[in-house]
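Note that the numbering used here numbers the sequence shown so that position 47 is 67, with each residue one more than the last.
By construction, the Cβ of each residue, glycine as well, lies at the ideal position given by its N, Cα and C atoms.
Just so we're clear, the structure is a prediction, and the values are computed from it rather than from any experiment.
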Amino acid sequence: MLIRRTQRSDSDRRGSVAALLSGQTGGLDRRTFLRRSGLAGGALAALSTLPLGGVREAEAAAAGPLTAGATARKSICTHCSVGCTVTAEVLNGVWIGQEPTWDSPINRGSHCAKGASVRELVHSERRLRYPMKLVGGQWTRVSWEAAINEIGDKLLEVREKSGPDSVYWLGSAKMTNEGAYLFRKLGAFWGTNNTDHQARICHSTTVTGVANTWGYGAMTNSFNDIRNAKTQMIMGGNPAEAHPVSLQHLLEGKELQKANFIVIDPRLTRTAAHATEYVRMRPGTDIPVLYGMMWHILQNGWEDKEFIRQRVYGFDDLRKEVEKWNPEEVERVTGIPGEQLKRVAKLFATEKPSTLIWAMGQTQKTVGTANVRASCILLLMTGNVGGPGMGANIFRGHDNVQGATDVGLDIVTLPFYYGLAEGAWKHWSRVWEVDYDFLKSRFDSKQIMEAPGIPLTRWFEAVTLPKDQVAQKDNVRAVFVQGHASNSITRIPESLNGLKALDLLVIADPHPTTWTSLAVEAGRKDGLYILPVATQFECKGSRVASNRSLQWGEQIVKPIFESKDDLEITYRLAKKFGFADKMFKNIKVENDLPEAEDILREMNRGSWSTGYCGQSPERLKAHMKNQAKFDMLTMRAPKDDPEVGGDYYGLPWPCWGSPEVRHPGTPLLYNTNLGVMDGGGTFRPRFGIEREEKLADGSTRKVSLLADGSYSKDSEIKDGYPEFTLASLKKLGWDKDLTEAEMATINRINPATPDAVSWSLDLSGGIQRVALMHGCVPYGNGKARMNAFGLPDPIPVHREPIYTPRVDLVAKYPTLPDAKQFRMPNIGFSVQKAAVEKGIAKQFPLILSSGRLVEYEGGGEETRTNPWLAELQQDMFIEISPADAADRGIKDGGWVWVSGAENNARARMKALVTERVGKGVAWMPFHFGGWLAGKDLRGNYPKGTDPIVLGESANTITTYGYDPATNMQETKVTLCQIVAA
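Here it is as structure tokens:
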């Protein structure tokens, strides 16, 4: 039973929602909820913050001892990436109660509103119950056997005619590591790199930008470690709503350390409300802001000179760019006064340790990779990497988006960032124990086998563009999407053309999602299947939190209705395609369900490059069992504990060597203050050991890319060093430490040249083990790069958004030229040029940005179907400043039309008039779907599966714009107009 929300006025009601919520009284509106939601002192269990008028007598037993006969099982919250543990109470196979897990060092007995209501995901009556297909425009029930056979036959038919790349495999950050890994492996055996997931649209630019700076593309520290910071700077994130439970660590750290809490954001967010210094910037000007800070740092000598000398390459190149950004130019471009930025720069550079926190506010832009690089450079300039309270604390989105990225559910790499070159394929053919030539035969060519696939941001253009503009055998003709929302992808009006043109669309998900409602709206009558997938609480397996910690989730209850585990669906498809025997050669399968533990063991055997090799199922389960033993601040267990002694919680990768080596995990990346067997590390020299540079007189010089006099504690090599190979072990005389079995494996890997076998290719783990024995990091000890040669902009360059209101700046700061990227044309330069010539900024004068709400997550289908969350936020809305609202005659709570700069796009929603946004800026949440251009699409869902709350999608209004290094979409900066409806 839902509580009906108190309306702000007697004007327009939303009939469909009102009908669903009828019969209830009392409750609270959004503003009241936001005011009263618990943030102070880490009390973040938002459901406990409801006002008394909205509280009803509990209908279930109060928290306390387990019900007689019940068992407690642990899993991980399936929403954001903080990694909160959920303790479920299960009786007779039914989930009857839940608690936030008090022993977890991450959430410490707290949940946000979403986490507190996850039980409803399993119990929801709006879940898909059985497979269905669209026949003549009517939804028809089919059996699993019929669905797999019909889908499989059609996919094989498309493959035969148009090649394996004509099928697009879109996976999910909602999968376990094991599910995501199998999905990518399925793509490899099918013969395509057209396999992607949510990381493309949230943090692909982070992975590319950070990895190209210092080695690995992930959060360097942890939520807990932020407590050690003296200065916290949040730029491009709003953890109060996006990662609520993390805020207990930020705010308690702020109080205990008396820390500076700086928020730089175009919008006065709920996080910014806690700031000691709030800086409002123009959307899309991250690089000028960061360079403006660096200008002051260099002018005043606040940079960490010794850190730069020992551990950084390219500082002089960077300095030349920074010198262009004096306070006057920064204020002209960003709107930030020079004195305020100087104050912030001084705090960050001198009141250390300092950490820089970001999320999608930085990444979802055409300059997303460059933004991330500039953030890393600020940390390097101030020496704020590689120690407690420092680093790039990158808050990922979904619960397993870090893990799904790591295991290779991506268009640019095989699992664990090995890439797509021949050597990477041969490595995984050895791990999988299949012939390399078999894998090669599955692709249209060796060239396409080693070429990145098509990003999910461009899937619909891969369907509709002329064939000669898509660099593969044929256009995409079929899409199999398992756990990804379509309303999370920009340019929805254009995507309708792709939905209509497909030969086949398969949606595998606990809910039908907006793929279903939009595909029907696009005109599909046939060739559309929906398959019910179990939630992660009905499966078991590992997930990776944003801090790189792995956690094992137990199966709480068996899949409800006719839902299937992700692993079973992948196995059934592989069996239908005829290669299940090869794909599951070393994985136990019972009743068509692969064993999750066996999949993780296979991952351990192949993941030497990233250090996923030490986290066996047994070690992860021991951590979940012994959560109470891990210190909240250091996240380390006592060294004398028999099961988890000396481990860091979740064995954050890299966890070097085989599980028997007992590496404790790496809580803080690149920390030279600790020995490598204590979790220490160095920057990774993955871009060579020296570089030839051209000098002004035309001559050249070779510059070392290895660290200079910096090394991890207890290292036997007291300087920089390259990655370890058998040859380097021999040179050092350490090859004698290898066992006979290890040497035999190394010789089998490369019989012709065993000396070339490296730490990342040695399946025995011997090279890693020996390097660790001598206190060295297996990948070497290099310098981080301020100059990331190889990227489109080696030194980050400010480039105006494709659709910018500041057309006066485009000539000086244009976007990059048009180019072919990821098999597709990127015509951002032409689009920007046309926008300037047509005067788009005059027709659409407001900057539109987007972001998260605490009540919902992702595309919103799960959370908008949850009655406890739907009750809290029932209307799609747009925030508009009082000045802009007054100019347009718009009232708070009134209906408005929002129109976009492309496709005659428009959307109908409510206005929230607020000073959170400045004049000229508007903001929308991105969780809504089920409306299109003012039309309610509820009837397009199969009966009984429509979400409780529907609304317009923000991505109906978003426009063209793709980061050249990743094809990340631009959701944070475009233009719009708003008028009263």
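For residue 961, the secondary structure class from DSSP, reduced to helix, strand or coil, is coil. The stretch 222-240 makes no contact with the stretch 606-622; the number of CB pairs closer than 8 Å stays below 3. Rounded to the nearest angstrom, the Cβ distance from residue 752 to residue 775 is 13 Å, too far for a contact under 8 Å. Note on residue 720: under 16 other CB atoms within 10 angstroms of its CB, so exposed under the neighbour-count rule. In terms of Cα proximity to residue 245, the closest of 655, 463, 192 and 672 is 655. Where residue 1000 is concerned, the enclosing beta strand (DSSP E) starts and stops at 994-1000. Rounded to the nearest whole angstrom, the CA to CA distance from residue 531 to residue 214 is 24 Å.
Ranked by Cα distance from residue 180, the options 578, 494, 869 and 843 are led by 494. With distances taken between CA atoms, residue 492 lies nearest to 473 out of 277, 473, 868 and 478. Separation of residue 126 and residue 103 (C-alpha to C-alpha, rounded to the nearest whole angstrom) is 7 Å. Under DSSP, no beta-bridge partner is assigned to residue 393. If the five residues before and after residue 241 are omitted, its C-beta is found closer than 6 Å to the C-beta atoms of 411, 413 and 688, all from its own chain and listed in chain order. Here the alpha carbons of residue 670 and residue 566 stand approximately 11 Å from one another.
Exposed is the label assigned to residue 605, since fewer than 16 other Cβ atoms lie within 10 Å of its Cβ.
Taking residue 873 as the centre and dropping the five residues before and after it, the same chain places the C-beta of 261, 893, 945 and 947 closer than 7 Å to its C-beta, in chain order. The residue among 92, 121, 200 and 176 with its C-alpha nearest the C-alpha of residue 585 is 200. Going by DSSP, residue 188 is part of the beta strand (DSSP E) stretching over 187-190. In the DSSP assignment, residue 722 falls outside any alpha helix (DSSP H) and lies within the beta strand (DSSP E) extending over 720-724. Look at the stretch 480-543 and you find these whole runs of beta strand (DSSP E), each 3 residues long or longer: 498-502 and 524-529.
The three-state secondary structure of residue 447, taken from DSSP, is helix. Counting C-beta pairs closer than 8 Å gives three or more between the stretch 298-313 and the stretch 346-359, which meets the contact rule.
For residue 221, no beta strand (DSSP E) encloses it; the enclosing alpha helix (DSSP H) starts and ends at 219-222.
Counting only the Cα atoms, residue 310 lies some 19 Å from residue 835. Between the alpha carbons of residue 725 and residue 400 lies a gap of roughly 15 Å. Burial state of residue 404 is buried, judged by a 10 Å Cβ sphere holding 16 or more other Cβ atoms.
Sequence-distant partners of residue 902 (beyond 5 residues in either direction) whose C-beta falls short of 6 Å from its own C-beta, in its chain, are 933. Closest in alpha carbon position to residue 192, among 141, 165, 98 and 121, is 98. Per DSSP, residue 869 is not a residue of any alpha helix (DSSP H); the beta strand (DSSP E) it occupies stretches across 866-871. At a Cβ-Cβ threshold of 8 Å, residue 249 and residue 107 do not count as neighbours. Secondary structure note for residue 127: it is in no beta strand (DSSP E), with a DSSP letter that is neither H nor E. Separation of the CB atoms of residue 921 and residue 994 is rounded to 6 Å, and the pair is thereby assigned contact status at 8 Å. It is roughly 17 Å from the alpha-carbon of residue 877 to the alpha-carbon of residue 384. By a beta-carbon distance limit of 8 Å, residue 700 contacts residue 732. Their separation comes to about 4 Å.
The continuous alpha helix (DSSP H) containing residue 902 extends over residues 902-908. Inside the stretch 614-650, DSSP marks whole alpha helix (DSSP H) runs of 4 or more residues at positions 616-626 and 637-645, from first to last along the chain. Annotation for residue 373: 248, 249, 250, 251, 404, 407, 408, 409 and 410 place their beta carbon closer than 8 Å to its own, counting only its chain and skipping 5 residues before and after.
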